Amino acid sequence: MPYLVIFKRFEVWLLLSLLGGLFLYLIWPDGVGAATAEVPGPSVSPAASVLEDSAAPPRPKALVVTSVGRRDLAATPAQQGMILDLTLFGRTKGDGAVVLTEANLRVQDESGQVVPRFFEPFTPEATFVPEENREARIALWWSGSGEKLWVEWEGEKVPVDLSF
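Counting from 1 along the sequence shown, just add 1488 to a position and that's the residue number in the working numbering.
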(Lines of atoms letter the chains of each structure in order from A and count residues from 1; the text may use other names and numbers.)
(Lines give C-alpha, C1' and ligand atoms only; values in the text may rest on other atoms or scores of the structure.)
Protein backbone atom coordinates (compact mmCIF):
# COMPACT_ATOMS: atom_id res chain seq x y z
CA MET A 1 0.00 0.00 0.00
CA PRO A 2 2.51 2.58 -1.06
CA TYR A 3 -0.21 4.94 -2.28
CA LEU A 4 -1.36 5.67 1.33
CA VAL A 5 1.84 7.63 1.94
CA ILE A 6 -0.04 10.77 0.90
CA PHE A 7 -1.96 10.71 4.21
CA LYS A 8 1.30 11.36 6.09
CA ARG A 9 1.33 14.95 4.82
CA PHE A 10 -0.04 17.67 7.09
CA GLU A 11 -1.41 19.68 4.17
CA VAL A 12 -3.63 16.82 3.03
CA TRP A 13 -5.23 16.48 6.48
CA LEU A 14 -5.72 20.25 6.68
CA LEU A 15 -7.42 20.29 3.27
CA LEU A 16 -9.63 17.32 4.15
CA SER A 17 -10.73 18.92 7.43
CA LEU A 18 -11.54 22.22 5.71
CA LEU A 19 -13.58 20.43 3.04
CA GLY A 20 -15.41 18.41 5.69
CA GLY A 21 -16.23 21.57 7.65
CA LEU A 22 -17.49 23.29 4.51
CA PHE A 23 -19.61 20.26 3.66
CA LEU A 24 -21.16 20.23 7.14
CA TYR A 25 -21.84 23.96 6.97
CA LEU A 26 -23.65 23.58 3.66
CA ILE A 27 -25.87 20.63 4.65
CA TRP A 28 -26.67 21.67 8.23
CA PRO A 29 -30.12 23.37 8.35
CA ASP A 30 -29.28 26.23 10.75
CA GLY A 31 -25.53 26.29 10.42
CA VAL A 32 -23.12 24.47 12.73
CA GLY A 33 -23.40 25.63 16.33
CA ALA A 34 -26.42 27.85 15.79
CA ALA A 35 -28.24 28.76 18.97
CA THR A 36 -31.60 27.03 19.26
CA ALA A 37 -32.92 29.09 22.16
CA GLU A 38 -35.03 32.13 21.34
CA VAL A 39 -33.60 35.49 22.19
CA PRO A 40 -36.18 37.48 24.15
CA GLY A 41 -37.18 40.66 22.32
CA PRO A 42 -38.94 43.76 23.51
CA SER A 43 -42.49 43.13 24.63
CA VAL A 44 -45.20 44.91 22.66
CA SER A 45 -48.76 45.23 23.82
CA PRO A 46 -51.49 44.29 21.32
CA ALA A 47 -52.84 47.86 21.30
CA ALA A 48 -49.44 49.25 20.33
CA SER A 49 -49.10 46.85 17.40
CA VAL A 50 -52.54 47.89 16.08
CA LEU A 51 -51.48 51.54 16.21
CA GLU A 52 -48.29 50.79 14.35
CA ASP A 53 -50.19 48.98 11.58
CA SER A 54 -52.68 51.80 11.07
CA ALA A 55 -49.98 54.51 10.99
CA ALA A 56 -48.49 53.46 7.66
CA PRO A 57 -45.84 55.77 6.23
CA PRO A 58 -47.04 58.07 3.47
CA ARG A 59 -46.47 56.88 -0.07
CA PRO A 60 -43.44 58.57 -1.61
CA LYS A 61 -43.54 60.59 -4.79
CA ALA A 62 -44.03 58.66 -7.97
CA LEU A 63 -40.69 59.65 -9.51
CA VAL A 64 -37.29 60.92 -8.41
CA VAL A 65 -34.34 61.52 -10.75
CA THR A 66 -31.31 60.22 -8.84
CA SER A 67 -28.48 60.80 -11.30
CA VAL A 68 -27.66 62.21 -14.71
CA GLY A 69 -24.61 61.19 -16.72
CA ARG A 70 -23.42 61.84 -20.22
CA ARG A 71 -21.45 60.00 -22.86
CA ASP A 72 -19.68 62.19 -25.39
CA LEU A 73 -19.43 60.82 -28.90
CA ALA A 74 -17.04 61.40 -31.74
CA ALA A 75 -19.83 62.07 -34.22
CA THR A 76 -19.90 63.75 -37.58
CA PRO A 77 -20.83 67.45 -37.61
CA ALA A 78 -24.32 66.58 -38.88
CA GLN A 79 -24.91 64.39 -35.80
CA GLN A 80 -23.69 66.64 -33.00
CA GLY A 81 -25.05 65.54 -29.66
CA MET A 82 -24.49 63.31 -26.67
CA ILE A 83 -26.12 60.42 -24.89
CA LEU A 84 -27.67 61.31 -21.53
CA ASP A 85 -28.09 58.53 -18.98
CA LEU A 86 -30.94 59.25 -16.58
CA THR A 87 -31.33 57.08 -13.51
CA LEU A 88 -34.90 57.23 -12.22
CA PHE A 89 -36.26 55.93 -8.92
CA GLY A 90 -39.99 55.49 -8.62
CA ARG A 91 -43.15 53.44 -8.84
CA THR A 92 -46.38 53.42 -10.77
CA LYS A 93 -49.77 54.43 -9.39
CA GLY A 94 -51.55 51.77 -11.46
CA ASP A 95 -52.19 48.11 -10.72
CA GLY A 96 -49.56 46.32 -12.79
CA ALA A 97 -46.00 46.77 -13.98
CA VAL A 98 -45.53 49.57 -16.52
CA VAL A 99 -42.77 49.63 -19.13
CA LEU A 100 -41.26 53.11 -19.46
CA THR A 101 -41.80 54.11 -23.09
CA GLU A 102 -41.87 57.46 -24.84
CA ALA A 103 -45.67 57.38 -24.63
CA ASN A 104 -45.89 57.30 -20.81
CA LEU A 105 -42.55 58.87 -19.78
CA ARG A 106 -42.01 62.18 -21.55
CA VAL A 107 -38.73 64.06 -21.43
CA GLN A 108 -38.86 67.65 -22.68
CA ASP A 109 -36.31 70.41 -22.94
CA GLU A 110 -36.86 74.04 -21.88
CA SER A 111 -38.55 74.92 -25.17
CA GLY A 112 -41.08 72.06 -24.85
CA GLN A 113 -39.60 69.77 -27.52
CA VAL A 114 -39.56 66.06 -26.72
CA VAL A 115 -36.07 64.60 -26.21
CA PRO A 116 -35.87 61.27 -28.10
CA ARG A 117 -34.67 58.03 -26.58
CA PHE A 118 -31.32 56.54 -27.53
CA PHE A 119 -31.82 52.95 -28.66
CA GLU A 120 -29.56 50.40 -26.98
CA PRO A 121 -30.35 46.92 -28.35
CA PHE A 122 -29.26 44.73 -25.43
CA THR A 123 -30.51 46.88 -22.56
CA PRO A 124 -33.67 45.50 -20.91
CA GLU A 125 -36.79 47.67 -20.85
CA ALA A 126 -37.09 49.87 -17.77
CA THR A 127 -40.20 49.11 -15.71
CA PHE A 128 -41.94 50.47 -12.63
CA VAL A 129 -44.22 48.42 -10.37
CA PRO A 130 -46.81 49.65 -7.82
CA GLU A 131 -45.59 47.57 -4.87
CA GLU A 132 -42.13 49.07 -4.44
CA ASN A 133 -39.85 51.82 -5.63
CA ARG A 134 -37.58 50.58 -8.38
CA GLU A 135 -34.56 52.04 -10.10
CA ALA A 136 -34.65 52.38 -13.87
CA ARG A 137 -32.11 53.73 -16.35
CA ILE A 138 -33.02 55.35 -19.64
CA ALA A 139 -30.73 56.73 -22.33
CA LEU A 140 -31.63 59.88 -24.28
CA TRP A 141 -30.14 61.47 -27.39
CA TRP A 142 -29.52 65.10 -26.45
CA SER A 143 -28.59 67.49 -29.22
CA GLY A 144 -29.81 70.68 -27.57
CA SER A 145 -27.97 73.33 -25.64
CA GLY A 146 -30.29 74.03 -22.69
CA GLU A 147 -29.49 73.69 -19.02
CA LYS A 148 -32.62 71.90 -17.87
CA LEU A 149 -34.88 69.02 -18.90
CA TRP A 150 -38.31 68.11 -17.58
CA VAL A 151 -39.28 64.46 -16.96
CA GLU A 152 -43.05 63.90 -16.86
CA TRP A 153 -44.43 60.69 -15.36
CA GLU A 154 -48.09 60.12 -14.41
CA GLY A 155 -48.87 63.83 -14.22
CA GLU A 156 -45.81 64.71 -12.16
CA LYS A 157 -43.04 66.90 -13.64
CA VAL A 158 -39.52 66.61 -12.27
CA PRO A 159 -36.73 69.01 -13.32
CA VAL A 160 -33.35 67.65 -14.38
CA ASP A 161 -30.36 69.97 -14.15
CA LEU A 162 -27.83 69.52 -16.97
CA SER A 163 -24.98 71.69 -15.67
CA PHE A 164 -22.05 69.28 -16.01
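Just so you know, even glycine gets a beta-carbon here, dropped at the ideal spot from N, CA and C.
Treat the numbers as computed from the prediction; the structure is a model and nothing was measured.
One or two residues paired with residue i in a DSSP bridge
i: residue 1597; result: 1637
i: residue 1515; result: Per DSSP, none; premise fails for residue 1515.
i: residue 1589; result: Paired residue(s): none; residue 1589 is not in a bridge.
i: residue 1616; result: 1586
Separation of residue j from residue i, as counted between CA atoms
i: residue 1496; j: residue 1507; result: 18 Å
i: residue 1592; j: residue 1601; result: 15 Å
i: residue 1587; j: residue 1622; result: 12 Å
i: residue 1512; j: residue 1594; result: 55 Å
i: residue 1574; j: residue 1606; result: 11 Å
i: residue 1510; j: residue 1500; result: 15 Å
i: residue 1530; j: residue 1603; result: Its pLDDT being 43, under 50, residue 1530 is placed unreliably by the model, and the measurement read from it follows with that caveat. Cα to Cα, residue 1530 sits roughly 54 Å from residue 1603.
i: residue 1634; j: residue 1650; result: 8 Å
i: residue 1568; j: residue 1631; result: 6 Å
i: residue 1644; j: residue 1580; result: 11 Å
i: residue 1516; j: residue 1492; result: 31 Å
i: residue 1502; j: residue 1582; result: 59 Å
i: residue 1589; j: residue 1629; result: 14 Å
Cβ pair residue i, residue j closer than 8 Å
i: residue 1641; j: residue 1578; result: yes
i: residue 1608; j: residue 1627; result: yes
i: residue 1611; j: residue 1585; result: no
i: residue 1636; j: residue 1618; result: no
Local conformation of residue i per DSSP, three classes
i: residue 1581; result: coil
i: residue 1647; result: strand
i: residue 1602; result: strand
i: residue 1495; result: helix
heavy atom of the ligand GDP below 7 Å from residue i C-beta
i: residue 1621; result: Annotation note on the ligand GDP: not contained in the displayed structure, which lists no ligands.
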